[in-house]
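J.: Numbering (our numbering), first residue to last: 1385 to 1498. Don't be surprised by glycine CBs; every beta carbon is placed ideally from N, CA and C. None of the values given here were measured: they were computed from a predicted structure. One structure follows; several queries about it will come next.
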């Protein structure tokens, strides 16, 4: 997307305008995670799996809806983050799911850095 077209899309609310400090997701994605009581790093890992790395552009409403859905999955699975992520990504539990493994690897690599 060229600069002028992107600016128009940002002003119309079609894409999220600002990136987080990590530079991967928009600030509204981090806000959505916080409002839904979802750990920001976990949400970032899931969104990078879902949207690619670097992520394709999405609206702030998209991030808010996905954060609420992940929060619901976490609650339904009594906080078991990997089962919740598995169900979030697949709609149901998939044994040895490679997508869940990628999210977990990203998450654990970031938590070991801290």
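For the region 1480–1494 and the region 1441–1449, state whether three or more C-beta atom pairs, one from each stretch, are separated by less than 8 Å.
T.: Short answer: they don't touch.
J.: Roughly how many whole angstroms lie between the Cα atoms of residue 1435 and residue 1445?
T.: Counting from 1 along the chain shown, the entry for residue 1435 is found at position 51. Counting from 1 along the chain shown, the entry for residue 1445 is found at position 61. Between residue 1435 and residue 1445, the C-alpha separation is close to 15 Å.
J.: Apart from the five residues on each side of it in sequence, which residues of its chain come closer than 7 Å, Cβ to Cβ, to residue 1387?
T.: Within the chain shown, numbered from 1, the residue matching residue 1387 stands at position 3. Low confidence applies to residue 1387: its pLDDT is 43, below 50, so where it sits in the model is not reliable, and the reading given next is rough at best. There are no such residues.
J.: So what does DSSP say about residue 1410, is it helix, strand or coil?
T.: Translated into the one-based positions of the chain shown, residue 1410 becomes position 26. Three-state result, residue 1410: strand.
J.: Report yes if the CB atom of residue 1491 is closer than 8 Å to the CB atom of residue 1429, and no otherwise.
T.: Position 107 of the chain shown, counting from 1, holds the residue named residue 1491. Position 45 of the chain shown, counting from 1, holds the residue named residue 1429. For residue 1491 and residue 1429, yes; Cβs fall inside 8 Å.
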